[in-house]
Amino acid sequence: MFINIHTHAEIYDAQLELVNLYVGKGERTGYYSYGMHPWYIDKTYESDLKKLKDLAKEKRCLAIGECGLDKLSKVDFNLQEKVFIEHIKLANELKKPLIIHCVKAFNELINCLNLNDNKVPVIIHGFNNNENIARILTSEGYYFSFGKALLAYDSPAAKAIKAIGRKRFFLETDNADLSIKYVYLKAGELLGVNDEIIQMQIEENFKTVFDIDLINSKGKTSSKK
Ligand SMILES: [Zn+2]
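Residues 775 to 999 (our numbering) are what the sequence shown spells out, left to right.
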């Protein structure tokens, strides 16, 4: 089966896709994640956070995010941190993984997570940074999600996927006009394995990170516990 861990619109070419929704905006069918992207935090952030806290409890909301820190965002960095910390607290309260957007702020990201005693799995989405950063994030126990950047063989993502080990990653389309199946194919090529091996590995990774057995229940949510 194909799992698309992060997309902004339903593409329906994966058996399981996690559609990212900004607070309450967008269609709610299938499975999704709720969060406040660091580009779009604005004056209404306090009421948006309140909405988020309610919405995130929904059963079909499997993760919190995308959220995080971005040094290239026009939004004040202190405000980004403040909002991100609220996401960390919420994710830990609800015991749902975090899907992270991070640009040029990995030290601050790690500090925020550690200072707030984060215990939930962290997935760094759209990863396309060097192996050194990948190693630091791996040593923190984080997971990665790779997308379009894998299509270029000499991209940092293409090198990082080989360095981090198969148990630590997911694949995504994000907002690219692209089939998730093609991303699986590219990941397989880079790792020198059949893409069916990638499918099986990502299923395993999914079961490890998400405390929910979606895979055997054909789309119906059923908790393992
Ligand atoms: Zn995204």
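Every residue, glycine too, gets a C-beta built ideally from N, C-alpha and C.
Taken in chain order, the whole alpha helix (DSSP H) runs of length 4 or more contained in the stretch 815-859 are 819-829.
In the displayed model, residue 913 falls within a helix according to three-state DSSP. Remark: the shortest separation between the CB of residue 822 and any heavy atom of ligand 1 does not fall under 6 angstroms.
Residue 821 counts as exposed, since fewer than 16 other beta carbons sit within 10 angstroms of its beta carbon. In this structure, the straight-line span from the alpha carbon of residue 847 to that of residue 876 is close to 10 angstroms.
Under the three-state reduction of DSSP, residue 780 is assigned to strand. Contiguous alpha helix (DSSP H) elements confined to the stretch 891-972 occur at 905-913, 930-938 and 954-965, taking only those with 4 or more residues.
Judged by DSSP secondary structure, residue 873 falls within the beta strand (DSSP E) whose first and last residues are 872-877. Distance from the CA atom of residue 972 to the CA atom of residue 957, rounded to whole angstroms, is 10 angstroms.
In chain order, the residues that have a beta carbon nearer than 7 angstroms to some heavy atom of ligand 1 are 780, 782, 794, 840, 875, 899, 900, 948 and 949. Take residue 976, set aside five residues on each side of it, and the residues of its chain with a beta-carbon closer than 7 angstroms to its own are 777, 944 and 945, in chain order. Assigned with DSSP and collapsed to three states, residue 983 falls in helix. Where residue 882 is concerned, the enclosing alpha helix (DSSP H) starts and stops at 880-889. Inter-residue distance for residue 783 and residue 790 is about 13 angstroms (C-alpha atoms, whole angstroms).
Annotated three-state conformation of residue 801 is coil, per DSSP. Exposed is the label assigned to residue 818, since fewer than 16 other Cβ atoms lie within 10 Å of its Cβ. Annotated as proximal: residue 830 and residue 808, with beta-carbon spacing under 7 angstroms.
Nearest Cα to residue 845 within the set 880, 864 and 834: 880.
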